[in-house]
Amino acid sequence: MEREDATAGMVQAARAGDGDAMDRLYRRFAPVVHGVLLGYVQRADADDLTQDVFETALRRLHELREDAAFPGWVVSIARRAALDARRRRTPFTGVAPEPATAPGGVEDRVEAERLLDAIRALPEAYRETLLLRLAEGLTGPEIAARTGLTSGSVRVNLHRGMALLRAALAGNPRGTGT
């Protein structure tokens with residue numbers, strides 16, 4: 001409840017033109033938006049799209065009916081932007097896609113790309129929750145607070161998603177363990 005009130009207060013201030021409130025909204029929700037985008041597009045495109053999503057959200061803030069609904073609303077804008085980008089199939093950056101981890105050798109990058117591809121193949125709820133945890137480094141409670149999911153849902157999504165991910169990486173895409 002307290003987080004919803006804080007978010008609602010930031011949204012109200014941003015609507016009134018408070019640049020600091022806009023910045024706080026961006027800092028708080030950019031990792032969530034970026035994590036959602038990573039489920040659909042390459043990392044460099046996700047970086048660019050994160051900016052685009054927030055520009056769209058701030059420009060359309062007057063359309064948001066309930067200030068406390070901002071987390072779900074900005075995530076839905078991110079999903080639409082990602083799906084639009086995937087339909088275009090042209091990287092924004094014009095450079096070769098880069099895996100989730102820049103440091104390390106070629107083997108590390110290939111493994112990171114394999115992992116990201118496996119995560120992208122998961123159902124949306126698991127994919128987004130895992131990316132927020134693994135790629136963006138958010139804790140379970142942070143994911144819950146920033147997405148509007150309950151802590152229980154986040155725990156279940158992380159647990160089931162990790163089981164499916166392990167199975168997919170082991171060559172058993174159904175996650176049955178056999």
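Each step along the sequence shown adds one to the number in the UniProt record's numbering, with nothing skipped, and position 24 is 24.
Glycine is no exception: its CB is placed at the ideal position from the N, C-alpha and C atoms.
C-beta contact flag for residue i and residue j at 8 Å
i: A30; j: T50; result: yes
i: A118; j: L165; result: yes
i: G148; j: P71; result: yes
i: A78; j: V33; result: yes
i: V156; j: I143; result: no
i: residue 187; j: H62; result: As displayed, the chain neither begins before 1 nor continues past 178, which places residue 187 out of reach and without an answer.
i: R146; j: R43; result: no
Own chain residues within Cβ distance below 6 Å of residue i, not counting five before or after
i: V75; result: V36
i: W73; result: L64
i: T56; result: I77
i: F54; result: Y26
Continuous alpha helix (DSSP H) stretch holding residue i: start and end
i: residue 191; result: One cannot answer for residue 191 here, as it falls past the ends of the chain, which runs 1 to 178.
i: T50; result: 43-59
i: A16; result: Taken as a continuous stretch (DSSP letters only), A16 belongs to no alpha helix (DSSP H), as it is neither H nor E.
i: T139; result: Here T139 belongs to no alpha helix (DSSP H), and DSSP marks it neither H nor E.
i: A121; result: It is not in any alpha helix (DSSP H) - A121 carries neither H nor E in the DSSP assignment.
i: D67; result: Per DSSP, D67 belongs to no alpha helix (DSSP H) and is neither H nor E.
i: G161; result: 151-169
Nonlocal neighbours in the same chain, by C-beta distance under 8 Å from residue i, ignoring five residues either side
i: G39; result: A82, I119, R120, E124, R127, E128, L131
i: D20; result: A13
i: L122; result: L130, G161, L164, L165, A168
i: T101; result: Caution is warranted here: a pLDDT of 44 is assigned to T101, below 50, making its placement in the model unreliable, and the coordinate value is therefore given only provisionally. Only D108, R109, A112 meet the Cβ criterion.
i: G171; result: none
Cut-off 7 Å between Cβ atoms - residues of its own chain near residue i, not counting five sequence neighbours on either side
i: S151; result: G140, P141, A144
i: V41; result: L49, A82, A85, R86
i: R88; result: none
heavy atom of the ligand GTP below 7 Å from residue i C-beta
i: D48; result: With respect to the ligand GTP, the structure shown offers nothing to examine, as it has no ligands at all.
Should the region 125-136 be regarded as contacting the region 5-12, the criterion being three or more beta carbon pairs within less than 8 Å? No, the region 125-136 is not in contact with the region 5-12.
Under 8 Å, with one C-beta from each stretch per pair, do the region 106-117 and the region 136-154 reach the 3-pair mark? With the cut-off at 8 Å, the region 106-117 and the region 136-154 do not touch.
Under 8 Å, with one C-beta from each stretch per pair, do the region 151-171 and the region 41-56 reach the 3-pair mark? Remark: fewer than three beta-carbon pairs, one from each stretch, lie closer than 8 Å, so the region 151-171 and the region 41-56 are not flagged as touching.
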